[in-house]
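Peer 1: Under this note's numbering, think of the first position of the sequence shown as 212, with each following residue one higher. Glycine included, C-beta positions come from ideal geometry on N, C-alpha and C.
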Amino acid sequence: MSYKFLLFDLDHTLLDFDTAEDIALTHFLEEQGVTEIQTYKDYYIPMNKGLWRELEQGKITKPELVNTRFSRLFAHFGIEKDGAELALLYQQHIAQQGQTYAGASELLDSLTAADYEIYGATNGITAIQTGRMAHSDIAPYFNHIFISEQMGTQKPEALFYEKIAEQIPSFDKSQTLMIGDSLTADIAGGNNAGLDSIWYNPKQLENKSLFQPTYTAYSYDDIIRLLLP
């Protein structure tokens, strides 16, 4: 095992998306005059996850996701709103949330000290992900963040990784490792692109998918043990 290039997923792997989303949604919904905030969250969160799955499967486009998810939310409660306008308002809140998981910066610090080149590989929205990274404590460890909206393609498409390869000097597929929590985006993407992968699985979920990681890590310490033997 001899890797040089590490492609890290961001949300649910290094960035604490659940905390970021909870805070941002609270502020956003309060701003919209919503009083039953938890009721709105309980509908929005699984709906939003479903839309992201549809994006991974190529069933919808990124603009469709971004510009309709909040109009769908309010429509569910009988309120008509402009989804694109709401998207921009929500973006202002979520882009300020840079929470990371405990140990994330220490992990990246150790890997950087061992001369790994670290890159982000995310399906997120450009303005949101750049804002969140700027508010985080892990941004300095990355050589570059590859964001699907900028790339014109997304995980798990092989093209996403082909475009990454074009932008990394001296890129070698055999020396590259994809690290992420999502079997259907990160691990499937690694499989499609012919890359080794680490499934970051802190909840110790069972893999019921068709996608097989090269390694499974249940903690950051597991990643360290794999990469810094």
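Does DSSP classify Glu241 as helix, strand or coil?
Peer 2: In the displayed model, Glu241 falls within a helix according to three-state DSSP.
Peer 1: Starting from Tyr411, follow its DSSP beta bridges and name the residues at the other end.
Peer 2: Ala428
Peer 1: Can you give the beta carbon distance from Ile398 to Pro424, rounded, assuming they're within the 8 Å contact cut?
Peer 2: 5 Å
Peer 1: Would you say the stretch 222–230 touches the stretch 246–253, given that touching needs at least three Cβ pairs under 8 Å?
Peer 2: No: fewer than three Cβ pairs fall under 8 Å.
Peer 1: Here's a check: name, in chain order, each residue in its chain whose Cβ is nearer than 7 Å to the Cβ of Ser213, leaving out the five neighbours to either side.
Peer 2: Gln386
Peer 1: Suppose you measure from the CA of Asp348 to the CA of Lys270; what does that come to, to the nearest Å?
Peer 2: 35 Å
Peer 1: Assuming contact is defined by CB atoms lying nearer than 7 Å, are Gly342 and Ala298 in contact in what I supplied?
Peer 2: Contact: no.
Peer 1: Any idea which residues DSSP pairs Gly331 with across the strands?
Peer 2: Phe219 and Ile356
Peer 1: Would you call the CB atoms of Glu360 and Ile336 closer than 7 Å?
Peer 2: yes
Peer 1: Thr311 bridges to which residues according to DSSP?
Peer 2: Leu226
Peer 1: Looking at Ser430 and Leu394, is the spacing between their C-beta atoms short of 7 Å?
Peer 2: No. Outside cutoff.
Peer 1: By the three-class DSSP mapping on this structure, what secondary structure does Ile390 have?
Peer 2: strand
Peer 1: Nearest to Thr224 by alpha carbon, out of Trp410, Phe288, Asn354 and Ile329?
Peer 2: Trp410
Peer 1: Any idea what DSSP makes of Ser347, helix, strand or coil?
Peer 2: coil
Peer 1: Quick one, which of His287, Leu266 and Asn259 has its alpha-carbon nearest Thr364's?
Peer 2: Leu266
Peer 1: Let me check understanding here. Comparing Cα to Cα, which of Lys260, Gln378, Leu300 and Lys273 lies closest to Phe216?
Peer 2: Gln378
Peer 1: Based on Cα-Cα distance, which residue from Ala286, Leu221, Gln302 and Ser381 lies nearest to Tyr312?
Peer 2: Leu221
Peer 1: Which of the three DSSP states, helix, strand or coil, is assigned to Leu421?
Peer 2: Residue state for Leu421 is assigned as coil, using DSSP reduced to three classes.
Peer 1: Which same chain residues, not among the five before or five after Lys292, have their C-beta less than 6 Å away from its C-beta?
Peer 2: Ser282 and Phe285
Peer 1: Smallest Cα separation from Tyr255: which of Thr272, Glu242 and Thr237?
Peer 2: Thr237
Peer 1: Look at the Cβ atom of Phe219, then the Cβ atom of Gly331, and state whether they are nearer than 7 Å.
Peer 2: yes
Peer 1: Let me know the secondary structure DSSP gives Leu439 once reduced to three states.
Peer 2: In the structure shown, Leu439 sits in coil (DSSP, three-state: anything other than H, G, I, E or B).
Peer 1: Do you know how far the Cα of His355 is from the Cα of Asp326?
Peer 2: 15 Å
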